[in-house]
Amino acid sequence: MKKIALLLSLVLVLSVALVGCGGEGQLGDLDNLVVAQGSDADSLDPHATNDQPSSRVKKQIYETLITQDENMELQPGLAKEWEQIDDLTFEFVLEEGVMFHNGEELKASDVEFTLLRALDSAHVGHIVGAIDAESIEVIDDYTIRFATKEPFAPILAHLAHPASSILNQKAVEEHGDDYFRNPVGTGPYMFDSWDQGDRIELVKFDDYRGEGGHIPRITFRNIAQDSNRTIELETGDIHIAYDIVPTDIDRLEADPNVDLVVDPNFSTTYLGFNLLKEPFDNVKVRQAINYAIDVDSIIDSVMEGSGEIATGPIGPQVWGANEDLDPYGHDVEKAKELLAEAGYEDGFSTTIWTNDNRIRRDIAVMVRNQLEQIGIDAEIETMEFGAYLDETAAGNHDMFLLGWVTVTGDPDYGLYSVFHSEEHGAAGNRTFYSNDRVDELLEIGRTTVDEDVRQEAYAEAQEIIRDEAPWLFLNTGEDRTGVNAGLEGFINHPGGHHPLWDVRVAE
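End of the sequence shown = 515 in my numbering, gap-free, step of one.
Below, the structure is given as structure tokens:
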């Protein structure tokens with residue numbers, strides 16, 4: 009665990025050092041930081057969605073009780089201190105004088121309201137679900153205490169998750185169903201406007217208690233076409249571009265006005281199967297597809313060698329990853345044998361869903377073409393991201409391309425949310441996978457604080473998941489962010505939600 013933290017620390021320090029250190033970009037008195045990503049936010053309500061494009065915006069607006077820095081070490085957030093009273097009970101003391109963007113002061117009652125509301129959410133309830141709602145107690149205006157239902161090892165990491173952002177009760181109740189586009193937090197930037205499908209405007213919060221917010225405004229632009237993000241970064245129309253595609257790496261590295269910041273992250277890309285539908289309820293069909301697909305060729309062709317082949321559901325950057333797992337490997341004859349054993353010797357017709365993301369579309373094309381070799385006829389359907397999340401949560405898909413980021417850095421988040429039988433649908437398990445033994449192991453992993461016991465439980469769970477193949481395991485990821493060389497202070501956070509309040513014009 010220390011080795012991984014050190015690796016991330018070194019990589020991130022180097023990344024920060026690179027930004028603003030050799031480029032020719034001159035920004036002068038920049039008053040609007042323009043940031044581009046490949047999809048618009050789905051919602052700015054932390055309890056309404058858990059997707060990355062939304063979290064990247066919400067990160068600037070909201071704060072959590074505690075935070076995880078770029079090395080995944082816990083740091084004070086809205087809580088200046090906390091204490092574990094016993095195996096189940098925690099007490100948090102809030103910073104005094106913290107203001108919400110609507111002028112209300114943060115109180116412990118807001119924390120109580122937030123936790124109870126999060127517990128009721130179908131989207132993020134699993135993140136705080138270990139908390140016993142009846143145990144939440146406001147001690148005074150700045151002190152709150154609660155207990156978990158049973159020992160829960162990753163509770164502090166979960167409280168640092170963006171979905172655990174603290175809300176203002178008055179603001180939520182005033183805006184009602186429209187709160188998702190009228191967010192109110194305590195963060196360094198406050199919401200200004202949202203032209204859905206195009207851009208979100210944030211403005212510096214002058215009453216923010218801490219440092220940061222060096223640039224008065226931030227605009228998040230939705231630029232779905234990867235090439236357009238790169239072009240606008242080169243021309244200076246945008247200042248930060250997320251998710252640079254591998255094919256543009258050499259081009260941007262040669263541009264003196266751009267710094268390319270590349271860091272390993274906690275993500276895994278996968279093709280998920282809907283286990284509620286035939287033929288994907290048959291493990292041999294799922295294994296056959298894993299053997300049929302040449303993942304190395306996808307990484308080489310689509311990813312230009314970026315990232316590593318995934319041997320299981322979580323990558324080696326995550327503590328507790330089972331590094332003894334072997335990839336399926338490319339074996340077309342084995343795939344055909346398994347299909348025949350499953351009763352599909354002549355193949356079948358199906359669909360692959362993807363959102364409007366070039367890399368995922370390219371992966372879908374390669375998967376479709378390779379499936380033809382074993383008699384599977386797959387049609388590709390592309391959907392808008394919000395609808396894509398809704399439809400896969402509802403189980404209306406056959407196969408779908410998506411990624412999962414172990415945001416907390418703890419294997420509980422990378423496994424429980426996407427493989428436990430209680431998390432079907434919007435919570436994360438969009439394959440509708442169920443296995444009693446996996447459920448048991450994941451529950452052991454989250455309810456003991458003994459790291460050896462946890463690691464053993466997670467290792468076995470990953471082995472079962474790998475063998476039962478609810479996913480076609482593709483690749484572990486990295487963050488590739490293009491930054492105007494006239495800026496400094498940007499870091500890629502390994503959890504995928506990058507802080508922007510320290511970004512400033514280089515001196």
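Think of the CB as a built atom: it goes at the ideal place given N, C-alpha and C, for glycine as much as any other residue.
For Pro159, three-class secondary structure by DSSP: Numbered from its first residue, the sequence shown carries residue 159 at position 151. Correct three-state label for Pro159: coil.
Beta strand (DSSP E) runs contained entirely in the segment 278–339, provided each spans 3 or more residues: Counting only runs of 3 or more, we get nothing.
Residue range of the beta strand (DSSP E) that includes Ile139: Translated into positions along the sequence shown, residue 139 becomes position 131. Element bounds for Ile139: n/a, residue is neither H nor E.
Residues near Tyr441 in its chain [Cβ-Cβ closer than 6 Å; skip 5 each side]: As a first step, residue 441 is located in the sequence shown; it is residue number 433 there, counting from the start. These residues qualify, in order along the chain: Leu283, Phe427, Pro478.
At least 3 beta-carbon pairs within less than 8 Å: the segment 483–496 vs the segment 258–271: In this structure the segment 483–496 touches the segment 258–271; the number of beta carbon pairs closer than 8 Å is three or more.
Cα-Cα separation between Ile371 and Arg474, rounded to whole angstroms: Residue numbering aside, residue 371 sits at position 363 when the sequence shown is read from its first letter. Residue numbering aside, residue 474 sits at position 466 when the sequence shown is read from its first letter. The C-alpha of Ile371 lies about 20 Å from the C-alpha of Arg474.
Residue burial classification, Asp354 (beta-carbon count within 10 angstroms, cutoff 16): Your numbering for residue 354 matches position 346 in the sequence shown. Counting Cβ neighbours within 10 Å, Asp354 comes out exposed, since fewer than 16 surround it.
Exposed unless 16 or more other CB atoms sit within 10 angstroms - verdict on Ile174: On the sequence shown, residue 174 is found 166 positions in, with the first residue counted as 1. Buried, since its Cβ has 16 or more Cβ neighbours within 10 Å.
Buried or exposed by the 16-neighbour rule on C-beta atoms within 10 Å, applied to Pro264: Locating residue 264 in the sequence shown gives position 256, counting from the first residue. Counting Cβ neighbours within 10 Å, Pro264 comes out exposed, since fewer than 16 surround it.
Three-state class that DSSP yields for Asp148 in the structure shown: The count along the sequence shown starts at 1 and reaches residue 148 at position 140. Strand, per DSSP.
Those residues which DSSP pairs with Phe154 across a bridge: Stepping through the sequence shown from its first residue, residue 154 is reached at position 146. Phe98, per the DSSP bridge assignment.
Ile119, enclosing alpha helix (DSSP H) - first and last residue: In the sequence shown, residue 119 corresponds to position 111, counting from 1. The identity of residue 119 in the sequence shown is Val, whereas the question assumes Ile. From DSSP, the alpha helix (DSSP H) with Val119 extends over 116–127.
Enclosing beta strand (DSSP E) for Tyr197 [first to last residue]: Translated into the one-based positions of the sequence shown, residue 197 becomes position 189. Where Tyr197 is concerned, the enclosing beta strand (DSSP E) stretches over 197–203.
Rounded C-alpha distance that separates Cys29 from Gly36: Taking the first residue of the sequence shown as position 1, residue 29 is located at position 21. Taking the first residue of the sequence shown as position 1, residue 36 is located at position 28. At Cys29, the pLDDT of 42 sits below 50, so the modelled position is not reliable; the number obtained from the coordinates is stated separately. The straight-line gap from Cα to Cα measures roughly 16 Å.
Per DSSP, cross-strand counterpart(s) of Ala80: Sequence index remark: in the sequence shown, residue 80 carries index 72 (1-based). Before going on, a small fix: residue 80 reads as Met here, not Ala. Assignment of beta-bridge partners to Met80 by DSSP yields no partner.
Residue of Gln325, Tyr336, Leu409 minimising C-alpha distance to Asn365: Locating residue 365 in the sequence shown gives position 357, where the first residue counts as 1. The option with the nearest alpha carbon to Asn365 is Leu409.
Given Pro196 as reference, the closest of Leu397, Gly205, Asp50, Glu219 once Cα atoms are compared: Taking the first residue of the sequence shown as 1, we reach residue 196 at position 188. Ranking Leu397, Gly205, Asp50, Glu219 by Cα distance to Pro196 puts Glu219 first.
Local conformation of Asp185 per DSSP, three classes: Here residue 185 refers to the residue found at position 177 of the sequence shown. Under the three-state reduction of DSSP, Asp185 is assigned to helix.
is_contact[Gly433, chain D] using C-beta, thresh 7 Å: Looking for chain D here will not work: only one protein chain is present.
Under 7 Å between C-beta atoms of Arg540 and Arg189: An answer regarding residue 540 cannot be provided, because it is not within the stretch 9 to 515 covered by the chain.
Anticipated Cβ contact below 8 Å, Val340 with Ile384, distance rounded: Here the question's residue 340 lines up with position 332 in the sequence shown. Here the question's residue 384 lines up with position 376 in the sequence shown. For a cut-off of 8 Å, the C-beta gap from Val340 to Ile384 is around 12 Å, too long to register as a contact.
For Gly417 and Glu349, the rounded distance between their alpha carbons: Looking up residue 349 in the sequence shown gives position 341. Looking up residue 417 in the sequence shown gives position 409. So the two alpha carbons sit approximately 39 Å from each other.
Where Val513 falls: helix, strand or coil (DSSP): Numbered from its first residue, the sequence shown carries residue 513 at position 505. In the three-state reduction of the DSSP assignment, Val513 falls in the strand class.
Validate contact between the segment 238–250 and the segment 44–54 using beta carbons, cut 8 Å, 3 pairs: Using a Cβ-Cβ distance cut-off of 8 Å, the segment 238–250 and the segment 44–54 are in contact, since at least three pairs of beta carbons, one from each stretch, lie closer than that value.
Exposed unless 16 or more other CB atoms sit within 10 angstroms - verdict on Ile147: Stepping through the sequence shown from its first residue, residue 147 is reached at position 139. Burial call: exposed.
For Gly394 and Pro419, believed in contact at Cβ under 8 Å, the rounded distance: The residue labelled residue 419 in the question sits at position 411 within the sequence shown. The residue labelled residue 394 in the question sits at position 386 within the sequence shown. In fact, because the Cβ distance is near 29 Å, the residues do not count as touching under 8 Å.
Close-in-space but distant-in-sequence residues of the same chain around Val446 (CB under 7 Å, 5 per side omitted): Residue numbering aside, residue 446 sits at position 438 when the sequence shown is read from its first letter. So the qualifying residues of the chain are Phe427, Ala469, Ile472, Ile473.
Sub-7 Å separation of Gly436 and Ser429 beta-carbons: In the sequence shown, the residue the question calls residue 436 occupies position 428. In the sequence shown, the residue the question calls residue 429 occupies position 421. For Gly436 and Ser429, no; Cβs fall outside 7 Å.
Under 7 Å between C-beta atoms of Thr516 and Ala168: Outside the modelled stretch of the chain, which goes from 9 to 515, sits residue 516, for which no answer is possible.
Close beta carbons around Trp202, own chain, < 6 Å, minus the five adjacent residues each side: Here residue 202 is taken as the residue at index 194 of the sequence shown, counted from 1. Listed in chain order, the non-local C-beta contacts of Trp202 below 6 Å within the same chain comprise Arg189, Ile208, local neighbours out to five positions each way being set aside.
Alpha-carbon spacing of Tyr352 relative to Ser51, whole angstroms: Position 344 of the sequence shown, counted from the start, is the residue given in the question as residue 352. Position 43 of the sequence shown, counted from the start, is the residue given in the question as residue 51. If I take the Cα positions, the gap works out to 42 Å.
Proximal residues to Tyr466 (C-beta, below 6 Å), its chain only, five neighbours per side dropped: Here the question's residue 466 lines up with position 458 in the sequence shown. The residues are Gly328, Pro419, Gly453.
Closest residue to Asp334 among Leu346, Gly320, Phe213, Asp458 (Cα-Cα distance): As a first step, residue 334 must be located in the sequence shown, where it is residue number 326. It is Gly320.
Beta strand (DSSP E) segment containing Gly490, residue limits: Locating residue 490 in the sequence shown gives position 482, where the first residue counts as 1. Per DSSP, Gly490 belongs to the beta strand (DSSP E) from 479–492.
Selected residue, minimal CA-CA separation from Pro254, among Lys66, Leu241, Ser235, Glu240: Your numbering for residue 254 matches position 246 in the sequence shown. Among Lys66, Leu241, Ser235, Glu240, the Cα nearest to that of Pro254 belongs to Ser235.
Stretch-stretch touch, CB-based, cutoff 8 Å, three pairs: the segment 180–188 with the segment 67–87: Flag = no, the segment 180–188 and the segment 67–87 do not touch.
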